[in-house]
Amino acid sequence: MHWLKPFGHAQGKPMPLAPSGGAGYNSPVQPVSQTIRVKVLFFGRLKELAGHAEHSVEFAAATTIEQLFALYAEHHPELAKYRSSVVASQNQEFAAWDTLLRSGDEVAFLPPVSGG
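As structure tokens, this is what we get:
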């Protein structure tokens, strides 16, 4: 494999390992990945479409209720048809679709209710 060059060298000259600057050796490092776990509840017709009434799921932090619903709609495409009329709750209180989720949250998706 004559086309490979030794790591850290270009044209036989040493390359710097890191750019010089103000960052110190012990500068803070961002976490590689953080995940959160939430409990998800489906009611009415949504329960039938999702195949279960309750589910626990783990996903990346900084996820919204909208993104959570989209995750389920990817696996159960029929759910997407109800998105415009579904109401969401976070910890038993109505919540906006752009609400960020935290680990331990309970999210419920409620279909429209008809009555007379």
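The numbering of the sequence shown is the working numbering, which starts it at 542 and goes up by one. Using N, Cα and C, we set each Cβ at its ideal position, and we do this for glycine too. Note that the coordinates shown come from a computational prediction; the quantities given were computed from them, not determined experimentally.
- Message: As a quick exercise: from A601, Q575, H616 and R578, pick the residue whose alpha carbon is nearest that of G592.
- Response: Working through the sequence shown from its first residue, we reach residue 592 at position 51. For G592, the nearest C-alpha among the options comes from H616.
- So, helix, strand or coil for R578, using DSSP? If you number the sequence shown from 1, residue 578 lands on position 37. Here R578 sits in strand by DSSP.
- Start and end residues, beta strand (DSSP E) containing L651: On the sequence shown, residue 651 is found 110 positions in, with the first residue counted as 1. E647 to L651 is the extent of the beta strand (DSSP E) around L651.
- First through last residue of the beta strand (DSSP E) which encompasses E607: By 1-based counting over the sequence shown, the position of residue 607 is 66. Per DSSP, E607 belongs to no beta strand (DSSP E); it is in the alpha helix (DSSP H), I606 to H616.
- Query: What does L641 pair with, by DSSP beta-bridge criteria?
  - Reply: Taking the first residue of the sequence shown as position 1, residue 641 is located at position 100. In DSSP, L641 forms a bridge with T605.
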